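Chemist: To start, I am sharing the structure in question, which I have written as structure tokens.
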Amino acid sequence: MRRSLQFLLFIAVSLAVFLSLPLHARHQQRLAEAVVKPQAAQLRSLHVTDLCLATEARYTRHPAVADRHAAFQDHPLALEHFPSGSLILPTTSARTKP
Amino acid sequence: MNRVIERHLNILEFTLASLLRRKGRNFSLLAMYLLVIFMLASLLFFVTALKREAAIILSDAPDMIVQQLVAGRQDLVPVAYAGEIARIRGVTAVTPRLWGYYYDAFNGANYTIIADDAAEPDRVSIGSGVARVRNLAVGDLLPLISYDKVPVMLEIGTVFPSASDLIAADLITVSPVGFHHLFNFPAGQATDLAVTVRNPKELSTIASKIASQFPGSRPVLKSEILRTYQSVFNWRGGMTLLLLTSALLSFIIFAWDKATGLSAEERKEIGILKSIGWETSDVLLLKFWEGAVISLTAFLLGTVLAYGHVFFLSAPLFAQALKGWSVIYPRFQLLPVVDVSQLTILFFLTVVPYTTATILPCWRAATIDPDAAMRY
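Protein sequence lines, in the order shown, are assigned to chains A and B.
Quick note: the first sequence uses our numbering, first residue 1, plus one each step.
Quick note: the second sequence uses our numbering, first residue 1, plus one each step.
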């Protein structure tokens, strides 16, 4: 087979895999619905406010209910030093109090 | 029609041979390009899937959380506030929440401990992250030390599945009695109050009523909770901005390198092709195919690999970044989400500029005299 046809065949296969990604995603979402719903019901009673993305610091574990200055509150002249603190920013909401 | 296809096939054949002649250079270029696309597409998939998970999980979040501030710091809320807040018109329920953090000196992990009214005394449910670091299973005893320095042995009733890691990886749910005992928590106090209202449109009115009725209180609305996660995952968020900037900068550097000129060897090749009868359009088509071969391969492979990285391998590259010093960290078993519009933007931001950057300098070289091009 000509090299150009081999290349076009490779691109066609890659394109087919690429185009099947949304279909795979849709299929996985349908499969997961049955599992996710009971779990959500189990955890709903806990009134969860945050995702568990990082557990090293209180203000990155629960950024939604933490103060903007929580990172600097541990002691006088405390600096933010947890790695996840540079990735998970505090809330941007305009709260009436700090 | 057949002649047009045959012409393209012939030029593609020549392009592939030409690319393979400079194997080392072109493969390293392809690897670099693929890496940039892989990082950008991984970021896109990761952030989109996390946004979706956050929206689903936080749709069950309380309408409002009421915190108490003392001297600018969060403090415990008197449970008596719950009854008074419940009397405000529009409020349907107020639930005092008992929760806190437990530092495990044994392994340096931080656990989130929540009191669950449905939990039996001395029986706990733990997240899969806790089970992993303490090597525990259902029926085992979880030893903790209370704030009075008294050992507390709690039987594990349930281990939350790892599919719920994004909510519960570090979670331990105990009974309210167990919670008070573990933390020596004062009676009649709560960590904060979860407020449910009948009409979400009344939330801000109810929040201002609470703030004026209890001067030390701070209401946090559900919309603010959702906004926090939008800001974590939007393009200006720390994680996204860091990766986006580095990937885009690397892409700009090597697209710029392509656009600013041709090597002497490439100019000579163009000169020879023109002198043996190739037309300017043929040379441009050749260069178009050169750009298209590299960029299409990099885009398709990079995107498919990124999908596998995020949804089959649980995004180990990003998980490392979020892990930091955490002892317990979630496994990002995210449900696949593909945002076609974002992939289209990624295609037009990478493939189109690169292909254009390949053609432009060639157009300049292909329009001059073949003799001059060869002598350059």
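Note that the Cβ used here is the ideal one computed from N, Cα and C, for glycine as well.
A quick note: this is a predicted structure, and the numbers were derived from the prediction, not measured.
In the structure shown, what three-state DSSP assignment does A/S63 receive?
Modeler: Correcting the residue type first, residue 63 of chain A is Pro in the shown sequence and not Ser. Helix, per DSSP.
Chemist: Between which residues of its own chain and A/R58 is the CB-CB distance below 7 Å, once the five residues before and five after are set aside?
Modeler: These residues qualify, in order along the chain: A66, A70.
Chemist: Classify B/Q68 as helix, strand or coil using the three-state DSSP reduction.
Modeler: Three-state DSSP puts B/Q68 in a strand.
Chemist: Locate the beta strand (DSSP E) running through B/T173, then write down its first and last residues.
Modeler: From DSSP, the beta strand (DSSP E) with B/T173 extends over 171–174.
Chemist: Using a Cβ-Cβ cut-off of 7 Å, state whether B/V338 counts as contacting chain A.
Modeler: Answer yes: the Cβ-Cβ gap between B/V338 and chain A drops below 7 Å somewhere.
Chemist: Less than 7 Å separating the beta-carbons of B/I206 and B/V220?
Modeler: It is not a contact, given that the beta carbons lie outside the stated cut-off.
Chemist: Count the other C-beta atoms from every protein chain shown that fall within 10 angstroms of the C-beta of B/D117, then say buried if there are 16 or more, exposed otherwise.
Modeler: Burial call: exposed.
Chemist: When the cut-off is 7 Å and only beta carbons count, does B/R3 lie next to chain A?
Modeler: Not closer than 7 Å to any Cβ of chain A, the Cβ of B/R3 fails to qualify, so no.
Chemist: Tell me where the alpha helix (DSSP H) around B/T15 begins and ends.
Modeler: From DSSP, the alpha helix (DSSP H) with B/T15 extends over 2–21.
Chemist: Could you tell me whether any Cβ in chain A is nearer than 7 Å to the Cβ of B/A55?
Modeler: Not closer than 7 Å to any Cβ of chain A, the Cβ of B/A55 fails to qualify, so no.
Chemist: Please identify, using Cβ separations under 8 Å, the residues of the segment 277–310 of chain B that lie next to chain A, in order along the chain.
Modeler: The residues in question are V293, L296, T297, L300, L301, T303, V304, Y307.
Chemist: Using a threshold of 6 Å, is the CB atom of B/A211 nearer than that to any non-hydrogen atom of the ligand SAM?
Modeler: Although the ligand SAM was asked about, the structure shown includes no ligands whatsoever.
Chemist: For a contact meaning CB atoms closer than 9 Å, what does A/L15 contact in chain B?
Modeler: Those are L296, L300, listed as they occur along chain B.
Chemist: So which of B/A321, B/Y329, B/F251 has the shortest CA-CA distance to B/V130?
Modeler: The candidate whose alpha carbon is nearest that of B/V130 is B/Y329.
Chemist: Starting from the beta carbon of B/I328, find every residue of chain A whose beta carbon is closer than 8 Å, and list them in chain order.
Modeler: Those are T55, listed as they occur along chain A.
Chemist: Does the Cβ-Cβ distance between B/F106 and B/Y147 come in under 7 Å?
Modeler: In this structure, B/Y147 does not lie closer than 7 Å to B/F106 by Cβ.
Chemist: What do you reckon, are the CB atoms on B/S326 and A/A54 nearer than 7 Å?
Modeler: Yes; because the gap between Cβ atoms is below 7 Å, this pair is in contact.
Chemist: For B/P361, which of helix, strand or coil comes out of DSSP?
Modeler: Helix, per DSSP.
Chemist: Would you grab the beta carbon distance between B/G384 and B/A86 for me? Rounded to a whole angstrom, and I think it's under 8 Å.
Modeler: Nothing can be reported for residue 384 of chain B: it is not among the residues displayed for chain B, which extend from 1 to 376.
Chemist: Could you give the DSSP three-state label for B/P78: helix, strand or coil?
Modeler: Correct three-state label for B/P78: strand.
Chemist: Taking just the CA atoms, how far does B/L317 sit from B/L50?
Modeler: Rounded to the nearest angstrom, the two C-alpha atoms are 15 Å apart.
Chemist: What does the alpha-carbon distance come out to for the pair B/Q320 and B/F299?
Modeler: The straight-line gap from Cα to Cα measures roughly 25 Å.
Chemist: In whole angstroms, give me the CA-to-CA distance for B/D140 and A/S84.
Modeler: For B/D140 and A/S84, the distance between alpha carbons rounds to 32 Å.
Chemist: Using a Cβ-Cβ cutoff of less than 7 Å, which residues in the same chain neighbour B/T173 once the five nearest sequence positions on both sides are dropped?
Modeler: Correct list, in chain order: I114, D116, A119, V124, S125.
Chemist: Using the DSSP secondary-structure output, state which residues sit across from B/L243 in a beta bridge.
Modeler: B/L243 pairs with nothing; no bridge assigned.
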